[in-house]
Amino acid sequence: MIEIPSDLHKDLVPLAFLLGSWAGAGVHDFPGSEKCNFGQEVTFTHDGRDFLEYHSHTWVLDENGNKVRPLESESGFWRIDADRRVEVTMTRDDGTVEIWYGELAHKKPQIDLATDAVARTVASSPYSGGKRLYGYVKSDLMWVGEKQTPEVELRPYMSAHLKKVVSPEEVERWAKALPDDLPDGITFFQ
1 MIEIPSDLHK DLVPLAFLLG SWAGAGVHDF PGSEKCNFGQ EVTFTHDGRD
51 FLEYHSHTWV LDENGNKVRP LESESGFWRI DADRRVEVTM TRDDGTVEIW
101 YGELAHKKPQ IDLATDAVAR TVASSPYSGG KRLYGYVKSD LMWVGEKQTP
151 EVELRPYMSA HLKKVVSPEE VERWAKALPD DLPDGITFFQ
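The sequence shown lines up with residues 1 to 190 when you count with UniProt numbering.
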């Protein structure tokens, strides 16, 4: 269910499907790095201004799905204009700062992004750009990332399938909002 908060900046309504906390798992595979399954937690929040605040943390998972060690962390700010162009500023834990531009697809919750600018500290890994695709599919958030380095052409390197994390407070709020005259479950499904 996509809920639009009453205090969400009007310009951000097209991005409302991103809001909330998400968790799930994916695959990481890039030349020169360990191929692995990873877990991920992502949050998109807002404070009434014209941007969404974004945080992502990933970690390597062992064969039983247990956390082994951190993989990547990033944070940033997402904006959208009246023509559905999306702008993202992002900082990664390895010392990389990126500017991404893209667009929200027409009549569907899908965002295609590509890097426009990349700045790196001396300590960061080689990296020269990337692409990302985010989509809201059957109430889940899915994404795939591509990256390139001076040695490796643009290619997929990470993808994940994330589920919305619902707090007990949200469940209680939704339950209180249900109409009093709902049929019982057995009658409803007959």
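Cβ atoms here follow ideal geometry from the backbone N, Cα and C, with glycine treated the same way.
Check each candidate in V42, K10, S6 and G32 and name the one with the smallest Cα separation from V166.
V42
Which stretch, first to last residue, makes up the beta strand (DSSP E) that contains H28?
G20 to H28
Other residues of its chain near D116: CB distance less than 6 Å, five sequence neighbours each side excluded
I99 and Y101
Own chain residues within Cβ distance below 7 Å of T149, not counting five before or after:
P126, Y127 and S128
Sort out for me which residues DSSP pairs G76 with in a bridge.
Y54 and M90
To which residues of the same chain is D140 closer than 7 Å at the C-beta, ignoring the five residues directly before and after it?
H161, L162 and K163
F17 and P109 - do their beta-carbons sit closer together than 8 Å?
yes
From the DSSP output, in three-state form, read off E169 for me.
helix
F159 bridges to which residues according to DSSP?
The identity of residue 159 in the sequence shown is Ser, whereas the question assumes Phe. BP columns for S159 point to V27 and V144.
Which residues in the same chain have their Cβ closer than 6 Å to the Cβ of M90, if we skip the five residues on either side of it in sequence?
E74, G76 and E98
Identity of the residue in L12, A82, N37 and F30 nearest E151 by Cα
F30
On a CA-only basis, which of K10, N66 and E87 is nearest G48? Give me that one, please.
K10
Measuring CB to CB, does T96 end up less than 8 Å from V118?
yes
In angstroms with no decimal places, state the Cα-to-Cα distance between G130 and P168.
37 Å
Which residues DSSP lists as bridging G102, in chain order
V86 and L113
Assuming A25 and N37 form a contact by the criterion Cβ under 8 Å, report the distance between their Cβ atoms to the nearest whole angstrom.
6 Å
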